[in-house]
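Protein chains: 2
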Amino acid sequence: MDNNRTMFGIPDEEFIRDKVPMTKSEVRAIAISKLRLNPTSRVLDIGCGTGSITVECGLICNQGEVTAIDQKEEAVNITRKNVNKFELNNVNIIEGSAPNDIPKKNYDSIFLGGGSRHIDNIIDFATDHLVPEGVFVANTILIDSTYKILAALEGRFKDIDVAMVQVSKGHKIAGWMMKANNPIYIISARLM
Amino acid sequence: MDNNRTMFGIPDEEFIRDKVPMTKSEVRAIAISKLRLNPTSRVLDIGCGTGSITVECGLICNQGEVTAIDQKEEAVNITRKNVNKFELNNVNIIEGSAPNDIPKKNYDSIFLGGGSRHIDNIIDFATDHLVPEGVFVANTILIDSTYKILAALEGRFKDIDVAMVQVSKGHKIAGWMMKANNPIYIISARLM
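Sequence order for the protein chains is B and F. In terms of the UniProt record's numbering, the first sequence opens at residue 1 and continues consecutively. In terms of the UniProt record's numbering, the second sequence opens at residue 1 and continues consecutively.
Right under this line is the structure:
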């Protein structure tokens, strides 16, 4: 790995985009910080979308590996383009649905990038496949998913934490005008 | 360095605290992401406070170095305690005022952790001592500092970006109640 390239904090505009949703840089930074990564971490990114979380985890975990899954073909394709752009060789990308098509390996950190119709099954999977003290992180926009994830973590996970983050970005008009992004919930917890 | 310890995303409660202010984990994650660090970065942390930014930069830049400065003796002491706790040997801590007492070296990334009576002088210093494309990041709570920093960056820095971040944290009462932290501005820019 080139020691002089940015290892964390890739600006949004450096990712190849499409119609696929992307977690914006500020929220991405928080989610990644909650994943408690180290260079050897084995990370699972469920619902990888554009692949921005996949790429940033791949850069940090340069002696570990990232498994990325999305059910949409176009998300898998764009994630692959971004993984290639950042010259990562530690990422495994899967087109399929979670949790059924996720490789049944051990993971140190699992990220769920949005809601799912299978929240309970995904958290069952996390409970079975995270290492002890392994970290589960989810970003949600719906109150419904937020509530369901918090409820499903209870009793099996510890250090359950939820942050609601509302970012406004400055736009230079005559002066600086702040324009609001939608509030995002970032949930994190460790397996007991 | 131990490859298995968390390299980024240290929870707030793992830092030794005192009456010195500390940037909370979510805002810290964003600020660090804006610093565009790599393992060899030379970072300057102005107003290091508790030393949480210093420590996280020291962990990421394990082949680089961090210079931390604060004018308060108790901030310098607590930063030193935290640097020792995390067993970092790439951090230089200075008790003194910015910019006068900052070592006149080249830096890849400079972080200003709050306002200062010397904003213009600090940004002059950053202009003189950042490498080309080097990154300046500031966290502010006052509109006044936010405005002054944005105005001082203009014309000498590019990619000027400002995010206002408002984090609410969940507290488990009967159910999850969100309690608001104060909004923080995170300004970032690169030297032209």
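Every residue gets a Cβ at the ideal spot worked out from N, C-alpha and C, and that includes glycine. Note that the structure is a prediction, hence the values are computed from the model and not measured.
Top-ranked residue by Cα proximity to residue i, from the options
i             : options                                   : result
Asn62/B       : Ile69/B, Glu73/B and Asn90/B              : Asn90/B
Gly134/F      : Val20/F, Lys19/F and Arg42/F              : Arg42/F
Gly155/F      : Leu142/F, Thr146/F, Ile143/F and Ile123/F : Ile123/F
Ser116/B      : Lys81/B, Asn182/B and Leu142/B            : Leu142/B
Asn6/B        : His129/F, Leu37/F and Ala98/F             : The question names Asn, but residue 6/B is Thr in the sequence shown. Comparing Cα positions, the closest option is Leu37/F.
Ala174/F      : Tyr107/B, Ala75/B, Ser168/B and Ala151/B  : Ala151/B
Ala31/B       : Met22/F, Glu26/F and Ala126/F             : Glu26/F
Ala68/B       : Ala163/B, Lys148/B, Ile119/B and Gly96/B  : Gly96/B
Lys179/F      : Pro39/F, Ser188/F, Ser168/F and Ala189/F  : Ser168/F
Leu153/F      : Lys172/F, Met177/F, Asp128/F and Val165/F : Asp128/F
Ile46/B       : Pro183/B, Ile94/B and Ile187/B            : Ile94/B
Gln166/B      : Tyr147/B, Ile53/B, Phe157/B and Ile186/B  : Ile186/B
residue 196/B : Asp70/B, Asp12/B, Ala75/B and Asn77/B     : Here chain B comprises residues numbered 1 to 192, so residue 196/B is not present and cannot be evaluated.
Lys172/F      : Met177/B, Trp176/B and Asp161/B           : Asp161/B
Thr146/B      : Pro132/B, Thr50/B and Ala163/B            : Ala163/B
Glu14/B       : Asn82/B, Gln71/B and Val76/B              : Asn82/B
Gly113/F      : Pro39/F, Phe136/F and Lys105/F            : Phe136/F
Thr140/F      : Leu130/F, Leu44/F, Ser188/F and Phe86/F   : Ser188/F
Ser109/F      : Ala98/F, Gly9/F and Leu191/F              : Leu191/F
Gly9/B        : Lys19/B, Arg17/B, Ser52/B and Ile16/B     : Ser52/B
Lys158/F      : Pro132/F, Asn92/F, Asp144/F and Pro39/F   : Pro132/F
Thr40/B       : Asn121/B, Thr50/B, Tyr107/B and Asp18/B   : Tyr107/B
Val149/F      : Ile119/F, Trp176/F and Leu88/F            : Inspection of the sequence shows that residue 149/F is occupied by Ile rather than by Val. Nearest of Ile119/F, Trp176/F and Leu88/F to Ile149/F, Cα basis: Ile119/F.
Gly49/F       : Lys34/F, Glu74/F and Leu88/F              : Glu74/F
Range of the contiguous alpha helix (DSSP H) that encloses residue i
i        : result
Arg80/F  : Glu73 to Lys85
Val27/B  : Ser25 to Lys34
Asn121/B : Ile119 to His129
Leu59/F  : Ser52 to Ile60
Test: residue i CB closer than 7 Å to a CB of chain F
i             : result
Val162/B      : yes
residue 213/B : No information on residue 213/B is available, as it lies outside the stretch 1 to 192 that chain B covers here.
Lys179/B      : no
Arg156/B      : no
Met22/B       : no
Arg5/B        : yes
Gly58/B       : no
Residue span of the beta strand (DSSP E) that contains residue i, given as start and end
i        : result
Gly113/B : Tyr107 to Gly113
Asn92/F  : Val91 to Glu95
Minimum Cβ-Cβ distance from residue i to chain B less than 7 Å
i             : result
Ser145/F      : no
Arg190/F      : no
Arg17/F       : no
residue 195/F : Examination of residue 195/F is not possible in this model, given that chain F is present from 1 through 192 alone.
Ser109/F      : no
Thr67/F       : no
Lys169/F      : yes
Gly64/F       : no
Gly9/F        : yes
Bridge-paired residues (DSSP) for residue i
i             : result
Lys172/F      : Trp176/F
residue 196/B : Outside the shown range of chain B, which is 1 to 192, sits residue 196/B, and nothing can be said about it.
Ala68/B       : Asp45/B and Ile93/B
Phe157/B      : Glu154/B and Leu191/B
Val135/F      : Ser109/F and Arg190/F
Residue i CB to nearest heavy atom of the ligand ZN below 6 Å
i       : result
Gly47/B : This structure does not include the ligand ZN; it has no bound ligands of any sort.
Closer than 8 Å between beta carbons: that is the criterion. Which residues of the region 25-56 of chain B meet it against chain A? Looking for chain A here will not work: the only protein chains present are B and F.
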